[in-house]
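Last residue of the sequence shown? That's 304 in the working numbering, and every number before it is there in order. Heads up, the beta-carbon is just placed ideally off N, CA and C, and yes, glycines get one too.
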Amino acid sequence: MSEKLIPVNNNINVHTQAIVGLATQLGYDGDLSVGSLEDGIRLYQKRTIEDLLELGKRLLLLKEQTPHGEFLSRVELLGFDKSVARKLMVATLKFAKMETSPLLKVVNSQSKLLELIVLDDDDIDVIEQGGSIGEVSLDSIDTMSVRDLKKALREAKSTIESKDQDLLAKDQIIGTKDRRNNELLEENTKLKSPVEIKKRAETEEQALEKAALETLNTASITFLNALMRYQNEVNSVLDTAEKKGIPQLFERVDEAVIATYQRIAQYSQSLNVQIDFTSMVTPEWMFLQAADLPPIEVDGEA
Numbered sequence: 003m004s005e006k007l008i009p010v011n012n013n014i015n016v017h018t019q020a021i022v023g024l025a026t027q028l029g030y031d032g033d034l035s036v037g038s039l040e041d042g043i044r045l046y047q048k049r050t051i052e053d054l055l056e057l058g059k060r061l062l063l064l065k066e067q068t069p070h071g072e073f074l075s076r077v078e079l080l081g082f083d084k085s086v087a088r089k090l091m092v093a094t095l096k097f098a099k100m101e102t103s104p105l106l107k108v109v110n111s112q113s114k115l116l117e118l119i120v121l122d123d124d125d126i127d128v129i130e131q132g133g134s135i136g137e138v139s140l141d142s143i144d145t146m147s148v149r150d151l152k153k154a155l156r157e158a159k160s161t162i163e164s165k166d167q168d169l170l171a172k173d174q175i176i177g178t179k180d181r182r183n184n185e186l187l188e189e190n191t192k193l194k195s196p197v198e199i200k201k202r203a204e205t206e207e208q209a210l211e212k213a214a215l216e217t218l219n220t221a222s223i224t225f226l227n228a229l230m231r232y233q234n235e236v237n238s239v240l241d242t243a244e245k246k247g248i249p250q251l252f253e254r255v256d257e258a259v260i261a262t263y264q265r266i267a268q269y270s271q272s273l274n275v276q277i278d279f280t281s282m283v284t285p286e287w288m289f290l291q292a293a294d295l296p297p298i299e300v301d302g303e304a
């Protein structure tokens, strides 16, 4: 292989090594000069499938060797359409190492080869093993026209993409179900854990306790309101006894009040609660904030 283009400059050496590496990868052992590559391109334009790959090799090497932006202008000067040149380079990268493959043996025109670049490596392997991608197989490639092959390839790829989308959608559905099942399993496992069971029990117990204390608090306020009304009525009777001069009524009031409070004491004893009437006891839970309590109703004097 000629090395006449290799300069001394280190940066150019690196670039030259890349060009030599690409030539080795492509199996190209000809001259690497720009002029020689262009001569070869003109020569292989007129030849067969194998020559088409040689043409593609030289296009790839020319692209690697020319400054940025110059390659397309050189391609146009060589009489190539830019899209055709791209297809040739893609075809070469895809098929350069497969020159003895069954697939290339049945490709009888350059146009067919360029249509086959839409196949990925897995598709090519299937066809070479005697299988088919849609209606595209070794036999059909040999007998189809370029137009029919292009149509068959387009339909085959469309079918594959549709199936891939279906599989992707199914995978997403399965993934969503699996994720939801895992979440439910995790949630269920968490709910059945001793810590969560204890926590729920404590929460339920606290809720029951809160509801019970609220009930007692409400009943207590109702009772105290009624007791205040009772006291107002007692005061009203005492005022009447004083205004009307009925001394025995004072004694009857005392007896009635004593009897009433004795009943209250009896009720407390029936609950096994001993009450000390000489001291005032107020549970903290019952009257935490006086401002939060509803006002005790006080009837006007008679």
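Under the DSSP assignment, residue 268 falls in the alpha helix (DSSP H) whose first and last residues are 249-272. With respect to residue 135, residue 158 sits close: the two C-beta atoms are nearer than 8 Å. In the three-state reduction of the DSSP assignment, residue 277 falls in the coil class. In the DSSP assignment, residue 52 falls within the unbroken alpha helix (DSSP H) covering 51-67. Relative to the Cα of residue 58, the nearest Cα in the group 221, 217, 89 belongs to 89.
Per DSSP, the unbroken alpha helix (DSSP H) holding residue 126 starts and ends at 123-130. Going by C-alpha positions, residue 44 is about 21 Å away from residue 114.
For residue 109, the secondary structure class from DSSP, reduced to helix, strand or coil, is coil. With respect to the 8 Å criterion, residue 151 and residue 117 are classified as neighbours on the basis of their beta carbons.
Spanning the alpha carbons of residue 249 and residue 243 requires a straight line of approximately 7 Å. Per DSSP, residue 99 lies in no alpha helix (DSSP H) segment and is marked neither H nor E. At a Cβ-Cβ threshold of 8 Å, residue 73 and residue 63 do not count as neighbours.
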